[in-house]
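Chains X and L, in that order, are what the protein sequence lines are.
Going by the working numbering, 399 is the number at position 282 of the first sequence; the sequence numbering is gapless.
Going by the working numbering, 314 is the number at position 197 of the second sequence; the sequence numbering is gapless.
Ideal placement from N, C-alpha and C gives every residue a C-beta, glycine not left out.
These numbers were taken from a predicted model, which means no experiment stands behind them.
Written below as structure tokens is the structure these notes are about.
Number of protein chains: 2
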Amino acid sequence: MVASPGTAVAADPLPSWRPGAVKQALLSFLAAVTCEGSETVVPEAERVAVFDNDGTLWPEQPLPFQAAFAFAELERAVQRQPALAEDPMVQAALAGDIGALLSGDQFEGLLRVIAVSHAGMSTEAFSAAVEAWLSAARHPHFDRPYEALTYAPMQELLQLLRVHRFRCFIVSGGGADFMRVWVERVYGIPPERVVGSTGRTHFELRDEGGPVLIKSLETLFVNDGAAKPAGIHQFIGRRPLMAFGNSDGDLAMLQYTTINNPRPSFGLLLHHTDAEREYAYDAETRSTGRLVEALRQAPDRGWHVVDMQRDWVRVFTNG
Amino acid sequence: MVASPGTAVAADPLPSWRPGAVKQALLSFLAAVTCEGSETVVPEAERVAVFDNDGTLWPEQPLPFQAAFAFAELERAVQRQPALAEDPMVQAALAGDIGALLSGDQFEGLLRVIAVSHAGMSTEAFSAAVEAWLSAARHPHFDRPYEALTYAPMQELLQLLRVHRFRCFIVSGGGADFMRVWVERVYGIPPERVVGSTGRTHFELRDEGGPVLIKSLETLFVNDGAAKPAGIHQFIGRRPLMAFGNSDGDLAMLQYTTINNPRPSFGLLLHHTDAEREYAYDAETRSTGRLVEALRQAPDRGWHVVDMQRDWVRVFTNG
Chain X
118 MVASPGTAVA ADPLPSWRPG AVKQALLSFL AAVTCEGSET VVPEAERVAV FDNDGTLWPE
178 QPLPFQAAFA FAELERAVQR QPALAEDPMV QAALAGDIGA LLSGDQFEGL LRVIAVSHAG
238 MSTEAFSAAV EAWLSAARHP HFDRPYEALT YAPMQELLQL LRVHRFRCFI VSGGGADFMR
298 VWVERVYGIP PERVVGSTGR THFELRDEGG PVLIKSLETL FVNDGAAKPA GIHQFIGRRP
358 LMAFGNSDGD LAMLQYTTIN NPRPSFGLLL HHTDAEREYA YDAETRSTGR LVEALRQAPD
418 RGWHVVDMQR DWVRVFTNG
Chain L
118 MVASPGTAVA ADPLPSWRPG AVKQALLSFL AAVTCEGSET VVPEAERVAV FDNDGTLWPE
178 QPLPFQAAFA FAELERAVQR QPALAEDPMV QAALAGDIGA LLSGDQFEGL LRVIAVSHAG
238 MSTEAFSAAV EAWLSAARHP HFDRPYEALT YAPMQELLQL LRVHRFRCFI VSGGGADFMR
298 VWVERVYGIP PERVVGSTGR THFELRDEGG PVLIKSLETL FVNDGAAKPA GIHQFIGRRP
358 LMAFGNSDGD LAMLQYTTIN NPRPSFGLLL HHTDAEREYA YDAETRSTGR LVEALRQAPD
418 RGWHVVDMQR DWVRVFTNG
């Protein structure tokens with residue numbers, strides 16, 4: 118509908134996207150898979166789109182938002198239990214040195230730090246801690262609440278996909294419990310469409326307070342890299358038509374979505390090229406979001422690459 | 118709307134349910150949580166209902182359908198590899214002795230049997246095996262294809278809940294991959310609303326054939342008993358308003374749904390009382406579906422109990 122010639126096109130559904138190859142490809146693909154009676158139309162039941170979150174729907178620099186939350190919680194914990202600060206990984210976290218945290222064998226140091234803020238409490242207590250942090254914290258670079266920092270062009274895309282009867286899922290390495298507290302509010306994506314990293318929870322029926330689920334890091338599922346297709350299979354149970362990412366952690370998800378898919382498919386990478394309005398990074402990031410191999414494969418795979426500086430009119434809702 | 122007095126009520130939305138306390142409670146609850154402007158109305162986003170599957174939406178006697186599939190696959194495997202039959206657990210399975218399979222420590226025997234049919238192949242090969250079995254197999258007692266054996270009263274209930282803007286999820290101890298092959302077809306429930314037992318899958322990008330996911334039984338999550346609330350949290354991320362089950366394996370799910378829920382809530386147990394039209398069992402079942410403790414707690418918890426012989430006009434679509 119959107120792209121069909123001869124139709125009086127109403128308002129531009131993607132006003133934050135500059136005219137160009139990527140915008141045209143998006144609109145053409147949506148027209149092709151939703152045009153009833155066409156050879157390329159895909160039944161609504163199969164219209165599934167998957168989005169990475171950190172660096173794809175919201176920023177991931179200078180630290181992923183969840184790391185900022187974890188470090189803030191860690192500071193509060195160290196005030197209560199000063200002995201915690203003897204752990205070198207806790208020191209690295211308090212210094213915001215995510216490179217040190219990511220360097221360890223099996224991420225043991227990172228897991229120790231995450232355990233302080235993400236395990237041993239009920240799911241309700243954890244949600245309350247995230248809400249409390251959200252209500253007070255501000256992003257160190259943009260000096261705005263984190264909820265104000267979703268990418269406006271991606272919000273428009275989510276909305277356009279919903280209009281075209283797509284079901285949009287987040288497929289992120291971030292913790293599902295962390296994201297679910299607020300992604301319905303900021304993206305309109307309900308909790309059951311958030312696929313993230315998860316640890317087992319344990320059910321207890323308490324005399325006072327009734328049923329609770331206690332968070333743990335047991336059988337941790339880290340939904341990143343080659344695990345993303347497994348997470349998609351486990352939680353969604355269907356191959357997506359469209360996949361959106363921004364790092365090598367999304368490579369397998371894009372491959373799974375687009376290679377030998379019997380349906381039309383679409384892969385897209387955001388390239389962070391805008392040091393002025395957001396950040397510019399790929400191979401050399403000091404945080405997460407390394408992008409090398411996926412970018413290298415993009416031309417052969419037919420994946421679209423967004424140059425955020427060139428392709429986006431604006432990055433955030435207010436600029 | 119449905120139950121409001123003074124309104125001309127159109128057709129009965131639950132014709133397979135006999136008039137009585139349970140039917141009245143269902144209709145009253147739905148009216149209460151969906152009547153706009155009332156004090157009890159619940160926003161659509163929170164209208165989540167969870168259904169056990171085996172014994173709640175379809176039968177589980179004389180064997181759960183998935184066990185029948187696994188045993189049929191095992192027979193085919195033994196024909197190819199006769200040495201398999203030396204395992205006493207394989208012998209028990211071939212004799213249909215699910216009691217022996219369930220008796221072992223940590224279900225090791227059961228897992229060995231399940232591994233033959235449920236691990237080591239791609240997810241696509243597994244789906245094809247389930248489809249092949251479905252197209253030929255007939256239930257040993259009813260002598261009908263398995264797809265014809267869903268409970269008609271529960272199908273009506275699923276439909277009524279959808280009309281009232283509920284999102285209905287299956288929360289079953291059965292394997293998610295097994296159910297997803299056909300539950301969209303038979304219940305209209307899409308794969309992402311099927312919460313079941315899952316093992317890890319491993320992503321491979323093959324030179325020929327492209328991306329595949331290989332099934333394994335690693336980090337097996339058995340979505341039964343106290344794990345059901347954890348499964349609900351992990352996959353749905355929201356406490357349900359309504360829970361439907363038929364065994365002690367559903368006890369924790371009903372507790373999680375109904376105890377201290379700040380929203381109105383509804384718990385229901387099917388009691389298999391109809392030896393003529395289906396099966397009669399509770400404490401003494403030789404297969405799955407033991408129902409003792411949940412039934413004992415039902416009066417105090419306010420859970421509704423369906424006497425299938427008395428409360429259902431018919432069990433299956435054709436009788």
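Look up residue i in the DSSP assignment and say whether it is helix, strand or coil.
| i | result |
| --- | --- |
| E321 (chain X) | strand |
| D417 (chain L) | helix |
| A120 (chain L) | Confidence in A120 (chain L) is poor, its pLDDT being 47 and thus under 50, which makes the residue's placement too unreliable to answer from. |
| T151 (chain X) | helix |
| A212 (chain L) | coil |
| P328 (chain L) | strand |
| A184 (chain X) | helix |
| R380 (chain L) | coil |
| A254 (chain X) | coil |
| V409 (chain L) | coil |
| M271 (chain L) | helix |
| T336 (chain L) | coil |
| F240 (chain L) | One detail in the question is off: residue 240 (chain L) reads as Thr in this sequence, not Phe. Note: T240 (chain L) maps to helix in three-state DSSP. |
| A397 (chain X) | strand |
| R297 (chain X) | helix |
| R284 (chain L) | strand |
| P262 (chain L) | strand |
| T375 (chain L) | helix |
| G354 (chain X) | coil |
| S289 (chain X) | strand |
Kindly indicate if chain L contains any beta-carbon less than 8 Å away from that of residue i.
| i | result |
| --- | --- |
| I376 (chain X) | yes |
| L330 (chain X) | yes |
| P307 (chain X) | yes |
| G327 (chain X) | yes |
| F186 (chain X) | no |
| R317 (chain X) | yes |
| P205 (chain X) | no |
| G154 (chain X) | no |
| I353 (chain X) | yes |
Is it buried or exposed for residue i, if we count other Cβ within 10 angstroms and need 16 for buried?
| i | result |
| --- | --- |
| A187 (chain L) | buried |
| T336 (chain X) | exposed |
| H258 (chain X) | exposed |
| G406 (chain L) | buried |
| D294 (chain X) | buried |
| D341 (chain X) | buried |
| P328 (chain X) | buried |
| P176 (chain X) | buried |
| A400 (chain X) | exposed |
| G123 (chain L) | Residue placement at G123 (chain L) is flagged as unreliable, the pLDDT there being 49, under the threshold of 50; a coordinate-derived value is accordingly withheld. |
| N435 (chain L) | exposed |
| A253 (chain L) | exposed |
| V119 (chain L) | Here V119 (chain L) scores only 46 on pLDDT, less than 50, and its place in the model is too uncertain to base an answer on. |
| E192 (chain L) | exposed |
| S220 (chain X) | exposed |
| G326 (chain L) | exposed |
My guess is that residue i and residue j are in contact by the Cβ rule of under 8 Å, so how many angstroms apart are they, rounded?
| i | j | result |
| --- | --- | --- |
| Q178 (chain X) | S404 (chain X) | 6 Å |
| F168 (chain L) | C285 (chain L) | 6 Å |
| T318 (chain X) | A360 (chain L) | So it is not a contact: roughly 17 Å between Cβ atoms. |
| D367 (chain L) | E410 (chain L) | Going by Cβ atoms, the distance from D367 (chain L) to E410 (chain L) rounds to 10 Å, so no, they are not a contact pair. |
| G316 (chain L) | S289 (chain L) | The Cβ separation is near 15 Å, so there is no contact. |
| L251 (chain X) | E264 (chain X) | 6 Å |
Distance cutoff 8 Å, beta carbons only. Does residue i sit that close to anything in chain X?
| i | result |
| --- | --- |
| F320 (chain L) | yes |
| D417 (chain L) | no |
| F361 (chain L) | no |
| A439 (chain L) | Because chain L spans 118 through 436 in this model, residue 439 (chain L) falls outside it and cannot be assessed. |
| V311 (chain L) | yes |
| W420 (chain L) | no |
| T390 (chain L) | no |
| R297 (chain L) | yes |
| A166 (chain L) | no |
Is residue i near the ligand MN, with its Cβ less than 7 Å from a heavy atom?
| i | result |
| --- | --- |
| P262 (chain L) | Here there are no bound small molecules, and the ligand MN is not part of this structure. |
Determine the chain C residues that contact residue i at a beta-carbon separation under 9 Å, and present them in chain order.
| i | result |
| --- | --- |
| Q272 (chain L) | Protein chains X and L are contained in the structure displayed, whereas chain C is not. |
Pair every Cβ in the stretch 153-162 of chain X with every Cβ in the stretch 261-276 of chain X, then say whether three or more of these pairs are closer than 8 Å.
The answer is no - the stretch 261-276 of chain X does not touch the stretch 153-162 of chain X, with fewer than three Cβ pairs under 8 Å.
| message | Can you confirm whether the stretch 344-356 of chain L touches the stretch 307-318 of chain X when touching is taken to mean that 3 or more C-beta pairs between the two stretches lie within less than 8 Å? | response | Taking 8 Å as the limit for Cβ pairs, the verdict is that the stretch 344-356 of chain L does touch the stretch 307-318 of chain X.
Check whether the stretch 412-422 of chain L and the stretch 385-397 of chain L are in contact - that is, three or more C-beta pairs closer than 8 Å.
The stretch 412-422 of chain L is in contact with the stretch 385-397 of chain L.
*asked:* Assess contact between the stretch 193-212 of chain X and the stretch 235-242 of chain X, defined as three or more Cβ pairs (one per stretch) separated by less than 8 Å. Is contact present?
replied: No, the stretch 193-212 of chain X does not touch the stretch 235-242 of chain X.
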